Amino acid sequence: MTTDVLIIGGGVIGLAIAIELKLRGANVTVLCRDFNAAAAHAAAGMLAPDAENIPNQAMLSLCWRSRSLYPDWTSKLEELTGLNTGYWPCGILAPVYQQQGEKNASLLPSSRESPAYWLDQSAIHQYQPGLAAEVVGGWWYPEDGQVDNQALVNVLRISAESLGVELKDGVAVEAIRQQQGQVVGVQTNVGVIHAAEYVLATGAWTNELLPLPVRPLKGQMLSVQVPELTPELPLKQVLFGQDIYIVPRRNRSIIIGATSEDVGFTPQNTPAGIQTLLQAATRLYPQLQHYPIQKLWWGFRPATPDELPILGTSHCKNLTLAIGHYRNGILLAPVTAALIADLIWEQKSDPLLANFHYSRFQAKSSTSLPMLTHPANFSNGHRTAIASQAPALSIQDSGLIIAGKTFQSRLMTGTGKYRSIEEMQQSVAASGCQIVTVAVRRVQTKAAGHEGLAEALDWQKIWMLPNTAGCQTAEEAIRVARLGREMAKLLGQEDNNFVKLEVIPDAKYLLPDPIGTLQAAEQLVKEGFAVLPYINADPMLAKRLEDVGCATVMPLASPIGSGQGLKTTANIQIIIENANVPVVVDAGIGSPSEAAQAMELGADALLINSAIALSHNPPVMAHAMNLATVAGRLAYLAGRMPIKDYASASSPLTGKISS
Ligand code: GLY
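Using the working numbering, read the sequence shown as starting at 12 and increasing by one per residue.
So, in structure tokens, the structure goes:
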């Protein structure tokens with residue numbers, strides 16, 4: 012049997028991915044150096060997106076999604092093996108000591124996706140007897156829970172074996188052989204092993220194989236046992252305190268964790284570590300001090316610099332990354348398995364993955380000044396008169412990443428409204444853009460200027476962004492988006508699942524319909540599209556679209572084709588502040604100064620069509636827009652000076668020699 016997918020790493024992530032791929036029909040092999048070393052064995056098994064207080068919205072969405080997969084995922088594994096995983100949606104209680112109850116309560120609005128309730132002093136003590144008297148209140152997270160991680164890893168392993176996944180324990184990968192951007196085999200202590208696809212799920216040990224920023228963060232833990240004389244379980248939910256958690260299992264063990272120590276792979280428990288844990292645990296729940304200690308252990312969390320996992324494609328075409336799950340590996344196992352299997356087996360990239368791409372840590376490319384004399388031959392023969400003595404300036408900038416795909420240019424353009432196809436070609440070249448949006452309906456109906464479009468641009472270099480212009484309803488837009496995907500395929504962009512979603516029933520102002528857009532976006536995301544919705548600059552709508560999985564949001568600056576410039580600045584600023592997906596300012600930009608201003612606000616990219624196509628000299632204007640986009644981006648990265656109320660001399664007097 013040949014292996015379709017070789018997974019390096021037999022922890023909870025590697026095994027979960029192996030099972031998911033196997034269930035979808037792949038032949039899978041898992042290599043594991045030491046099954047018992049995986050962080051999964053050391054964890055406490057909390058499923059705690061709410062209690063963990065995760066600040067990153069994309070991460071929170073990923074965690075919530077995974078938590079919601081848990082019931083079905085564990086039932087499936089339990090059915091396969093006849094064994095119990097200890098999944099227990101018991102809720103998590105997060106008591107606090109400080110007199111900040113009311114303040115807390117008003118600070119944390121209960122979210123629709125995942126409610127949180129504030130319990131005041133009497134409510135919390137009534138609900139959970141035995142808490143320290145100094146507890147003044149706390150949060151109740153009813154949708155958080157736990158799984159018995161030891162049982163889970165065991166069930167995963169047995170499921171994998173029973174499904175026919177080939178598990179090779181004691182096999183250490185020494186190197187990943189790469190040629191021309193492909194993995195061609197892995198070198199191990201038992202020889203070279205080959206597969207079509209490879210997955211890296213090596214947790215805290217990743218850095219031994221590839222230069223990815225994952226480091227071990229040690230956690231020490233212990234367990235105590237509820238004494239036989241106590242018939243009832245005294246704790247029936249997880250207690251999540253400050254720097255301590257107490258996780259009661261139904262088998263009468265109580266797990267206490269965990270330290271967080273940046274000490275590399277230094278093994279063993281230490282008196283200092285255990286003392287800290289015992290002090291914090293008995294402070295929160297004093298009766299623990301009388302319970303017999305069962306076990307001490309430690310593990311290594313795979314931490315990344317931004318504490319988010321690294322998921323998705325890598326620098327090699329056939330190598331997928333599923334690493335760096337830090338404090339949430341057990342929680343994130345089912346969603347990681349589903350997303351990685353979608354990616355490898357169905358070539359479907361969930362838009363959420365873009366937030367976890369490894370390229371965010373790569374030696375970043377520089378945003379450097381664009382060429383000041385552009386090589387394109389402008390139709391009127393003029394060249395810009397700016398001297399090309401650009402100083403060697405550069406500043407660290409990641410490219411524009413949309414749905415896992417990186418673009419260096421932050422200016423997108425269109426193909427409509429040009430006087431001739433040649434002018435359009437020259438303008439696209441002069442704009443330096445890498446994304447061009449195309450109206451699917453206009454191509455379909457061979458509208459003026461849209462014949463010959465397939466041949467007019469080099470689709471090997473330009474990424475097509477099919478748009479649903481002309482669609483008045485969600486249903487129409489969904490249909491046209493599907494046609495757009497086919498169109499991109501015909502042009503050789505097999506993996507292009509992008510769509511610029513426009514639902515515009517109003518002919519006068521061409522304002523998008525927010526409800527239709529949201530409905531269509533939800534459906535298209537489900538169908539695997541990377542959805543880039545065109546919207547009015549409405550921060551709430553932008554958030555809702557991000558929540559349903561859109562790859563960007565594209566708020567308008569002013570009505571399409573109006574050239575009125577930035578009329579929605581305040582709202583665009585709020586959108587930018589809250590977005591975890593790229594914000595592309597679309598429509599209404601009329602001049603390069605407005606383009607620069609939008610970029611200075613912190614927009615990730617711009618889409619400009621009419622201002623270029625309707626200018627007197629479109630290629631030159633396209634070039635100017637490119638310069639403005641880069642200038643605005645550089646200014647944003649450089650950070651503008653603060654605005655002051657009064658003048659301040661350019662040549663300060665301080666430090667001068669006075670006579
Ligand atoms: N998931 C809790 C921890 O890593 O300590």
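Ideal Cβ positions, reconstructed from N, Cα and C, are used throughout, including at glycine.
Predicted model, so just to flag it, every value in this text is computed and none were measured.
Shown here for Leu625: same chain residues with a beta carbon closer than 7 Å to its own, the five before and five after excluded, namely Lys428 in chain order.
With a minimum length of 3 residues, the unbroken runs of beta strand (DSSP E) contained wholly in the stretch 243 to 269 fall at 249 to 252, 255 to 259, 264 to 268. For Ser438, the enclosing alpha helix (DSSP H) begins and ends at 432 to 442. Not one heavy atom of the ligand GLY is found less than 7 Å from the C-beta of Met70. Three or more Cβ pairs closer than 8 Å define a contact, and the stretch 347 to 355 falls short of that threshold against the stretch 293 to 311. According to the DSSP assignment, Trp309 belongs to no alpha helix (DSSP H) but to the beta strand (DSSP E) extending over 304 to 314. Taking 8 Å as the cut-off, the Cβ atoms of Pro525 and Asp549 count as close. Within the stretch 340 to 379, the complete beta strand (DSSP E) segments at least 3 residues long are 377 to 379, listed from N- to C-terminus. Within its own chain, the residues whose Cβ lies closer than 7 Å to the Cβ of Thr277, once the five positions on either side in sequence are excluded, are Lys229, listed in chain order. The beta carbon of Gly643 lies closer than 6 Å to those of Ala607, Met610, Glu611 in the same chain, with the five residues before and after it left out. For the 8 Å CB-CB criterion, Ile321 and Tyr256 do not form a contact. Of the residues assessed, Thr96 falls on the buried side of the cut-off, its CB having 16 or more other CB atoms within 10 angstroms. Per DSSP, Lys33 is one residue of the alpha helix (DSSP H) stretching across 23 to 34. Relative to the ligand GLY, the beta carbon of Met57 is positioned inside 7 Å of a heavy atom.
Under the DSSP assignment, Leu648 falls in the alpha helix (DSSP H) whose first and last residues are 629 to 649. Annotation: the continuous beta strand (DSSP E) that includes Met475 extends over 474 to 478.
By the CB criterion at 8 Å, Gly214 and Gly425 fall outside the cutoff.
Inter-segment contact for the stretch 210 to 224 and the stretch 67 to 87 is absent: fewer than three beta-carbon pairs are separated by less than 8 Å. Between the beta-carbon of Pro313 and that of Tyr337 there is about 6 Å, and that keeps the pair under the 8 Å contact cut. Assignment of Ile515 by DSSP, reduced to helix, strand and coil, places it in the coil class. At least one heavy atom of the ligand GLY lies closer than 7 Å to the C-beta of Arg338.
Between the stretch 283 to 294 and the stretch 225 to 243, the count of C-beta pairs closer than 8 Å reaches three or more; the two stretches touch. Under the three-state reduction of DSSP output, Gly495 falls in the helix class.
About 60 Å separates the beta carbon of Ile432 from that of Ala54, a gap too long to meet the 8 Å contact definition. For Ser573, same chain residues with a beta-carbon under 6 Å away, outside a window of 5 residues either side, are Gly599 in chain order. In this structure, Gly102 has its beta carbon at no less than 7 Å from each heavy atom of the ligand GLY. Annotation for Arg188: Val194, Val195, Gly196, Val197, Gln198, Val203 place their beta carbon closer than 8 Å to its own, counting only its chain and skipping 5 residues before and after. With a cutoff of 7 Å, Ala54 counts as near the ligand GLY, since its C-beta is closer than that to a heavy atom of the ligand. Distance from the C-beta of Ala48 to the nearest heavy atom of the ligand GLY is not below 7 Å.
Pairing Leu288 with Ile267 gives a Cβ-Cβ distance under 8 Å. Each residue's CA atom was taken as its position, placing Leu422 and Arg371 some 20 Å apart. Met565 sits in a strand when the DSSP states are folded into three classes. Residue pairing for Trp216: DSSP places it in no beta bridge. Thr315 counts as buried, since no fewer than 16 other beta carbons sit within 10 angstroms of its beta carbon. Using a cutoff of 7 Å, the CB of Gly230 counts as near the ligand GLY, since one of the ligand's heavy atoms is closer than that. Cα atoms of Phe418 and Pro362: separation of roughly 16 Å, rounded to the nearest angstrom.
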